[in-house]
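J.: Counting from 233, one number per residue, gives the positions in the sequence shown under the numbering used here.
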Amino acid sequence: MPANFQSRAKIFEDKCVCSNLRGCPRPVSIFDLNTKSIETNVTGMIFDCLLVDGVLASSLDCFYQSSCLSLLQNEAIIPIGVQPLNASSRFTQTTTIEQLL
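(1) Where does Phe-295 fall in DSSP's three states?
(2) Taking the continuous beta strand (DSSP E) assigned at Glu-339, which residues delimit it?
(3) Starting from Val-260, trace the beta strand (DSSP E) in both directions and tell me its first and last residue.
(4) Near Pro-257, what residues of its chain come up, given a Cβ to Cβ distance below 6 Å and the 5 sequence neighbours on each side ignored?
(5) Short check: CB of Ser-291 to CB of Gln-325, under 9 Å?
(6) Under 8 Å by Cβ, that's how I've got Gly-313 and Asp-293 pegged, so tell me the actual separation to the nearest angstrom.
(7) Only counting the same chain, and skipping five residues up and downstream in sequence, which positions put a Cβ closer than 6 Å to that of Gly-255?
(8) Helix or strand or just coil, what does DSSP make of Ile-329?
(9) For Val-249, which three-state DSSP category applies?
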């Protein structure tokens, strides 16, 4: 018996629909689970309809800032042992993951 699959594109509060070709990129946010409100945005990290699109559009910005890395480490389910990137790195804070590839 053949399976019948249906899917619906995610529609965000600002009416952006994931079925459009440009996706719906927006900053990665950390939410307060009790109030469901945004606590903070993660500098340089992008959320999009497809995980790969968000990762590729994200920059290295957070990885240069110890405060941003601490934020990620505090929210992570498993420990992350990452040190901030050095300012003398050959890549700038605005370099995207896509540019690295």
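Cβ coordinates follow ideal geometry from the N, Cα and C atoms, glycine included. No experiment lies behind these values; they were computed from the predicted model shown.
T.: So, from the listed chains and residues:
(1) By 1-based counting over the sequence shown, the position of residue 295 is 63. Three-state result, Phe-295: helix.
(2) Here the chain has residues from 233 to 333 only, and residue 339 is not among them.
(3) Counting from 1 along the sequence shown, the entry for residue 260 is found at position 28. In this chain, the beta strand (DSSP E) harbouring Val-260 covers 258 to 264.
(4) Along the sequence shown, read from residue 1 onward, the residue named residue 257 stands at position 25. Within the same chain, Pro-257 has close Cβ partners Ile-278, Asp-280 and Ala-289.
(5) Locating residue 291 in the sequence shown gives position 59, where the first residue counts as 1. Locating residue 325 in the sequence shown gives position 93, where the first residue counts as 1. Yes, Cβ-Cβ distance for Ser-291 and Gln-325 is below 9 Å.
(6) Your numbering for residue 313 matches position 81 in the sequence shown. Your numbering for residue 293 matches position 61 in the sequence shown. The pair is not a contact, with the Cβ atoms about 20 Å apart (cut-off 8 Å).
(7) Counting from 1 along the sequence shown, the entry for residue 255 is found at position 23. Closer than 6 Å at Cβ, skipping near neighbours: Asp-280, Cys-281 and Asp-285.
(8) To locate residue 329, count along the sequence shown from 1; it is residue 97. Helix at Ile-329.
(9) The residue you call residue 249 lines up with position 17 of the sequence shown. Assignment of Val-249 by DSSP, reduced to helix, strand and coil, places it in the strand class.
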